[in-house]
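> What follows is a single structure, and I will ask about it in a moment.
Number of protein chains: 2
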Amino acid sequence: MTAIKETSTIQENKKIAAELCPVTFTMDKIGGYWKPIIIYHLSTDCKRYSELKKCIPAITEKMLIQSLKQLEADGLILREARPVVPPFVIYRLSPAGVGLFPVIQAMANWALENQ
Amino acid sequence: MTAIKETSTIQENKKIAAELCPVTFTMDKIGGYWKPIIIYHLSTDCKRYSELKKCIPAITEKMLIQSLKQLEADGLILREARPVVPPFVIYRLSPAGVGLFPVIQAMANWALENQ
DNA sequence: GGAAGTACTTACCCTATAGTAAGTGTACTG
DNA sequence: CAGTACACTTACTATAGGGTAAGTACTTCC
């Protein structure tokens with residue numbers, strides 16, 4: 001998952017920027033190609049890992065997991081696993097994740113006007 | 001300015017994603033650390049290059065120019081240069097740039113609620 | 001005449017993000 | 001008993017984005 005080196009200028013800047021600038025803070029959470037797409041697919045209803053994979057065929061397993069872990073760590077989605085075999089894992093949006101809807105909406109609107 | 005290699009999977013994906021997904025399209029335009037900050041500083045009034053530099057002390061000249069060029073290429077800001085010595089260049093938001101305001105607003109709101 | 005201001009440009013390095021590909025363990029199914 | 005499904009994990013590679021540092025051409029000010 002490519003560990004983050006903590007003593008890097010870029011990480012320092014990110015932290016400072018995220019603290020000072022609410023927009024950067026939000027960008028940090030939902031930036032990247034896949035995160036908004038995943039959020040979108042979880043918006044209608046909760047989904048299993050394998051369902052997400054089917055919904056987003058272009059994503060690789062690595063990126064899917066990586067994005068899910070980050071979203072979970074940032075508190076935007078909730079992971080619920082049942083300790084059975086075969087594994088059963090469900091992902092759903094947290095309240096904070098649901099709160100992103102106006103943001104996504106605003107972005108989509110702007111894109112449709114300016115595309 | 002780090003040239004973009006056109007024959008890369010990542011660029012292909014970006015293009016496809018931006019076409020299919022309005023959110024990714026928007027993200028592409030205003031993603032990165034500095035772009036939202038620059039847009040914010042241009043929101044109140046138009047500014048000269050040197051004024052922007054003063055307003056955003058942490059940014060390097062390279063990143064400032066780079067971001068400005070990209071924003072200009074994407075039609076979000078307008079550059080007006082007067083051919084005098086010393087050079088006189090003014091940047092202002094384009095109508096499309098102004099249209100980003102609801103987006104920025106939504107992101108800021110979410111951040112303030114969830115920070 | 002050296003410094004400072006103007007708006008850039010150039011060269012090089014480092015790292016996070018993304019992509020490719022293969023492996024893990026358990027259990028059900030044909 | 002080989003194959004498939006499930007949810008991951010691991011190792012490697014490539015590249016775009018960001019950072020550091022220095023240089024450019026011209027003119028005004030002290």
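Protein chains in written order, with the UniProt record's numbering: chain W, 1 to 115; chain Y, 1 to 115.
Built from N, CA and C at the ideal position, the CB exists for glycine as well.
Treat the numbers as computed from the prediction; the structure is a model and nothing was measured.
(1) Below 9 Å on C-beta distance, what does W:Met63 contact in chain Y?
(2) Leaving out the 5 sequence neighbours to the left and right, which residues in its chain are closer than 6 Å to Y:Lys60 when beta-carbon positions are compared?
(3) Measure the alpha-carbon distance for W:Pro57 versus Y:Asp74 and round it to whole angstroms.
(4) At the level of alpha carbons, what is the spacing between Y:Ser67 and Y:Trp34?
(5) By the criterion of Cβ-Cβ separation under 9 Å, what are the contact partners of W:Glu113 in chain Y?
(6) Kindly provide the ranges of any beta strand (DSSP E) runs that are 3 or more residues long and lie completely inside the UniProt domain "HTH hxlR-type" (21-115) of chain Y, ordered along the chain.
(7) Enumerate in chain order the residues of its own chain whose CB-to-CB distance from Y:Leu78 is below 6 Å, with the five nearest sequence positions on each side excluded.
(8) Quick check on residue 127 of chain Y: buried or exposed, where buried means 16 or more other Cβ atoms within 10 Å of its Cβ?
(9) State the Cα-Cα distance for the pair W:Asn109 and Y:Leu76, rounded to the nearest angstrom.
(10) If W:Cys46 sits next to W:Ile90, beta carbons under 8 Å apart, how far is it from one beta carbon to the other, in whole angstroms?
(11) With distances taken between CB atoms, is the gap from W:His41 to W:Cys21 smaller than 8 Å?
(12) Tell me which residues of the segment 18-37 of chain Y have at least one Cβ-Cβ distance to chain W shorter than 7 Å, keeping chain order.
On the basis of the data shown:
(1) Numbered from its first residue, the first sequence carries residue 63 of chain W at position 63. Going along chain Y, no residue has its Cβ under 9 Å from W:Met63, so there is no contact; the nearest lies around 10 Å.
(2) Reading the second sequence from its first residue, position 60 is the one you call residue 60 of chain Y. The question names Lys, but residue 60 of chain Y is Thr in the sequence shown. Taken in chain order, the list of residues that qualify is empty.
(3) Mapped onto the first sequence, residue 57 of chain W falls at position 57. Mapped onto the second sequence, residue 74 of chain Y falls at position 74. In a straight line, the C-alpha of W:Pro57 is about 29 Å away from that of Y:Asp74.
(4) What you label residue 67 of chain Y is simply residue 67 of the second sequence in a count that begins at 1. What you label residue 34 of chain Y is simply residue 34 of the second sequence in a count that begins at 1. Cα to Cα, the separation comes out at about 7 Å.
(5) What you label residue 113 of chain W is simply residue 113 of the first sequence in a count that begins at 1. Those within 9 Å of W:Glu113 in chain Y are Ala96 and Gly99.
(6) 77-82 and 88-93
(7) For this step, residue 78 of chain Y is matched to residue 78 along the second sequence. Here the set comprises Arg92 and Ser94.
(8) Outside the shown range of chain Y (1 to 115) lies residue 127 of chain Y, about which nothing can therefore be said.
(9) Taking the first sequence and counting its residues from 1, the one referred to as residue 109 of chain W is at position 109. Taking the second sequence and counting its residues from 1, the one referred to as residue 76 of chain Y is at position 76. Using only the alpha carbons, I get a separation of about 16 Å.
(10) Indexing the first sequence from 1 puts residue 46 of chain W at position 46. Indexing the first sequence from 1 puts residue 90 of chain W at position 90. Going by Cβ atoms, the distance from W:Cys46 to W:Ile90 rounds to 5 Å, so yes, they are a contact pair.
(11) Counting from 1 along the first sequence, the entry for residue 41 of chain W is found at position 41. Counting from 1 along the first sequence, the entry for residue 21 of chain W is found at position 21. Taking 8 Å as the Cβ cut-off, W:His41 and W:Cys21 do not qualify as a contacting pair.
(12) Cys21, Pro22, Val23, Thr24, Phe25, Thr26, Met27, Gly31, Tyr33, Pro36 and Ile37
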